[in-house]
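Protein chains: 2
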Amino acid sequence: MDLAIRLDSDAPVPLHRQVYEELRRAILTGRLSKGKRIPSTRALAKSLGISRTTVTVAYEQLLSEGYLETTVGSGTFVCCQLPDELLNSAAINSFHKESHPPVQLSNYGAILANTEIPYYQEPNLPISFRYGQPSIDQFPLKLWRKLLSRHCSANLDWLNYPTDAGGYQPLREAIACYLSRSRAVQCEPDQIIITSGSQQALDLVTRLLIAPGDGIALEEPGYPGARYTFLTQGAKLYPVAVDESGLVIEKLTNYSKKSLKLIYVTPSHQFPTGAVLSLPRRLELLVWAKKMGIMIIEDDYDSEYRYGERPIPGLQGLDHSNSVLYIGTFSKMLFPSLRIGYLVVPQHLVSLLTRAKWLTDRHSPLLEQKVLVDFLNEGHLESYIRRMRTHYNQLRQILVQTLKTYFDQRVTILGEKAGIHLMVRLKTKLSDEEIIHRAAEVGVSMVTAQPYYLKNKPKGEFIFGYAQLSSAQIQEGIGKLALAIVE
Amino acid sequence: MDLAIRLDSDAPVPLHRQVYEELRRAILTGRLSKGKRIPSTRALAKSLGISRTTVTVAYEQLLSEGYLETTVGSGTFVCCQLPDELLNSAAINSFHKESHPPVQLSNYGAILANTEIPYYQEPNLPISFRYGQPSIDQFPLKLWRKLLSRHCSANLDWLNYPTDAGGYQPLREAIACYLSRSRAVQCEPDQIIITSGSQQALDLVTRLLIAPGDGIALEEPGYPGARYTFLTQGAKLYPVAVDESGLVIEKLTNYSKKSLKLIYVTPSHQFPTGAVLSLPRRLELLVWAKKMGIMIIEDDYDSEYRYGERPIPGLQGLDHSNSVLYIGTFSKMLFPSLRIGYLVVPQHLVSLLTRAKWLTDRHSPLLEQKVLVDFLNEGHLESYIRRMRTHYNQLRQILVQTLKTYFDQRVTILGEKAGIHLMVRLKTKLSDEEIIHRAAEVGVSMVTAQPYYLKNKPKGEFIFGYAQLSSAQIQEGIGKLALAIVE
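Okay, here's the thing in structure tokens:
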């Protein structure tokens, strides 16, 4: 038989591969039918003007893959067992795939498919007041690199799994010490589960505790990252008002009959208002949660940055009834791409959460955990935080002052005592969209607070993240904004 | 009033902190009752014989935390708003927490709580035939360190989030090229979702597709890591027999009426038998899955290591109906603590999976993704694989030969053509437990295949991972084993 095979000796693909591809295609498209005898290697090599070895390599591959079969003494044939349905498929040669089968999703999948998730996809503008972004310019990169290199070189240990699914044991010990010193969190190292950022901590807890229809109370306004996690797990959300002392507990207790299962709070620095939950309210919350048998998620996402006052001890340290699941992260303190957060859980939930972490993604990368141990134990973290606190404090003062200078009576500033963002209320007749649009035209990216409200979205409320900006940028940004939205 | 406060000037805790702690405890235990006036800073300093500044610092902290309040002109008082229930709590001083409230778990949580998850907690023995552990001795550590350092130094980019939740775009491009070259996987880079190892890929897919009661067909014996993920999501499992050509398709089609939603297969190197799914069966499987509207998870966990034959193209590359979700990982190729795996999904599922990854843990660490891009694009991966293939091949041959020498007719070896482990059937009267026990006594760690079977667990089947051992260790280990279990 004569087999028309296109070969291109100038192509980057080796000739034997070309022969293989062409024969395979011929078989799959039916040009070479089942059971058909194909030329000997010698014959094909001759007809194509290529070496016999080239053809032999191609045939061997096709034999090993089951496209061809040999019968001793009688030659090589197209395999008889190839199913008819796959043959004669014109699409075999093309990347184009047929339309997909209808996919039936889980409850989680179906909710997620119908939920628009707001990624951080900000417009690329010269000055951005995007929040949640720490300053990375001052990060002790040289030190971090030194520590990375130290652990890469020391031995091969870091290439292997850590033995414990809850995380690298020395890191859990270092975190337990750090939390006890700085946050009055009381725990044993084994109560700490290392997670891939605080988001995974939130996701694990929700997945374990929340069944569709379960109620979760959360701050209004509040952190949307948590809200979407709760929603996709099928939770019913009960927003609770926030004032200058944080969550209004008496509003929460209104919900007592509604079978709440979880309360999600950000007591150190309420997101996004910046309110600090007062001690009396903390104690009230704990008492109430205990009485009702409700668990509390304490998300301590940026408690390190407080200006003027020492932080109030976390709920976890005040709790005596194992009701608090404490979540922390190093992404906000150090850098966003460091995916190391942690959960501090009551002793009786340790085993369950460790299993969940193991089943979800086994464990977090070991090298970074080792580096972080040194960073904590050698005191670098605390000295970095001190340095950054001074730095952020300056930026904060400049932002507050500049806002007052330009907006005077038309601005109210909230949450300025802590964190790395402010919440700002502007008195204006313009819609938020109009303000964002006008700001963008002068190169300033603004973040409205509307998405952080479940109901009654306000007008003129904006979040100003300032950590990633310079003093000059802050002044320029606010100046431009003021001019752009002047009425 | 006189306030008895214990101070210890030799303690490592600063005096102002000691004063703070003592007062706080006095308030919380009710020794200082609500509304009670406390001594002036001057008076307390005098009575304790310490500086007034020390006392002032402590008072300020207590004021800022809400334990104390001041009334202008009349002094400092214990805050009136502290709730009664929290006071008089003798436990305040102690780390001991009360017994926990009853926690009601989600369906997932409840199954997980009742499922024993087998961690890798192997006994610490000199020679371990544990599987799934690549050799790390030959890992090009210097090169990896150089690449780490390159990306740490170049700029600060890597400290920030990657902009795309699906993963670092250049890595997705590099993987698409690599898969097309080495596995005949056909995809655009945006169909690739970077995950935290293959386990997260498996978990995401299961979570999105499987509702409690949904059916999943899986190989028997099979990979328990997948099985536990399916089980905790509430799936019904349908085991399908495996022979020397992999999954027996006609056994699968028996299940057609049982509303299967997913099929989980390891076609390149069936885990743990090592069988390679033949091409005719691959095509049959695809045809059947398409007809039934069932999705296929193709777990290509160690397709790189094949001895003698080139790999058969993945199911994904043969599929023309968007039925295949392809899972791969770099942990087996490079090192276990590198948490980078990936999913290749049909175009219509990209958005959903990206959202799920984002909600689960945002994204994977960026630095390792950048390093991996260079490792792939500069050809290091493929040359490392070539080198390791030769290395593993030698070890494999030694293991096979040693087994045959010592056990002769009493051993059957399966799956020797690929991967980094063998499946071995020993003819013996001893139970698996007895064999493991005797082996441990002579310092050899053995892995029985029993946990990989859902039903009809066999006797005398063992997995021999050899990648992490030396030739001498393999020979010594098998020699000792043979002696230990001789009958």
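Chains as they are written, first to last, in the working numbering: chain P, 8 to 494; chain H, 8 to 494.
Even for Gly, the Cβ is constructed at its ideal location relative to N, Cα and C.
By a beta-carbon distance limit of 8 Å, residue 233 of chain H contacts residue 271 of chain H. Their separation comes to about 5 Å. With its beta carbon less than 9 Å from one in chain P, residue 218 of chain H belongs to the interface. Within the DSSP secondary-structure output, residue 227 of chain H pairs in a beta bridge with H:248.
By the Cβ-count criterion, residue 282 of chain H is buried, with 16 or more other Cβ atoms from all chains shown falling within 10 Å of its own Cβ.
DSSP assignment within the segment 232–316 of chain H yields the following whole alpha helix (DSSP H) runs of 4 residues or more, N-terminal first: 256–260, 286–299. Residue 448 of chain H: member of the alpha helix (DSSP H) spanning 439–448, first to last residue. Comparing alpha-carbon positions, the option among P:289, P:251, P:292, P:291 lying closest to residue 278 of chain P turns out to be P:251. Residue 343 of chain H has a beta carbon lying within less than 9 Å of a beta carbon in chain P.
In this structure, residue 484 of chain P keeps its C-beta atom at 9 Å or more from the C-beta atom of residue 454 of chain P. In the three-state reduction of the DSSP assignment, residue 120 of chain H falls in the helix class. When DSSP states are grouped into helix, strand and coil, residue 349 of chain P belongs to the strand group. Pairwise C-beta distances place the segment 207–223 of chain P in contact with the segment 334–350 of chain P, as three or more of them are shorter than 8 Å.
When P:46, P:116, P:17 are compared, the shortest CA-CA separation from residue 361 of chain H is found for P:116. Within the same chain, and ignoring the five residues on either side of residue 324 of chain H in sequence, the residues whose Cβ sits closer than 8 Å to its Cβ are 190, 191, 192, 193. The closest CA to that of residue 314 of chain H, considering only H:489, H:433, H:394, is found on H:394. Ranking P:78, P:42, P:51, P:200 by CA distance to the CA of residue 370 of chain P puts P:200 first. When the Cα atoms are used, residue 366 of chain P and residue 358 of chain P turn out to be separated by approximately 12 Å. When DSSP states are grouped into helix, strand and coil, residue 222 of chain H belongs to the strand group. In chain order, 218 make up the part of chain P whose C-beta sits under 8 Å from the C-beta of residue 114 of chain H. When CB distances to chain H are screened at a threshold of 7 Å, the residues of the segment 235–261 of chain P falling below it are 235, 236, 239, in chain order. By the neighbour-count definition (other C-beta atoms within 10 Å, threshold 16), residue 355 of chain P is an exposed residue. If you check each beta-carbon in the segment 183–211 of chain P against every beta-carbon of chain H, the ones closer than 7 Å belong to 193, 203, 204, 206, 207, 210.
Membership of residue 397 of chain P in the alpha helix (DSSP H) is indicated by the continuous run 387–414. Counting C-beta atoms within 10 angstroms of its own C-beta, residue 163 of chain H has fewer than 16 neighbours from the protein chains shown and is therefore classed as exposed. Apart from sequence neighbours up to five positions away, the residues of its chain that approach residue 45 of chain H with a beta-carbon distance below 6 Å are 83, ordered along the chain.
Those residues of the segment 268–290 of chain H placed with their C-beta closer than 8 Å to a C-beta in chain P are 268, 285, 286, 287, 290, ordered along the chain. Note that the C-beta distance between residue 388 of chain H and residue 185 of chain H is below 9 Å. Residues of the segment 362–378 of chain P whose Cβ lies closer than 8 Å to any Cβ of chain H, in chain order: 362, 363, 365, 366, 367, 368, 369, 370, 371, 372, 373, 374, 375. For residue 26 of chain H, there is no enclosing beta strand (DSSP E); the enclosing alpha helix (DSSP H) covers residues 22–35. In this structure, residue 221 of chain H lies near residue 266 of chain H, with their beta-carbon atoms less than 9 Å apart. Contact between residue 470 of chain P and residue 138 of chain P is confirmed by a C-beta separation of about 5 Å, below the 8 Å threshold. In the three-state DSSP reduction, residue 461 of chain H falls in the coil class, being neither helix nor strand. Under DSSP, residue 430 of chain H takes part in a beta bridge, and its partners are H:421, H:470.
For residue 180 of chain H, there are no neighbours in chain P by C-beta distance under 8 Å, as the nearest C-beta there is about 16 Å away. Of the residues H:301, H:21, H:474, the one whose Cα lies closest to the Cα of residue 400 of chain H is H:474.
DSSP links residue 374 of chain P through a beta bridge to no other residue.
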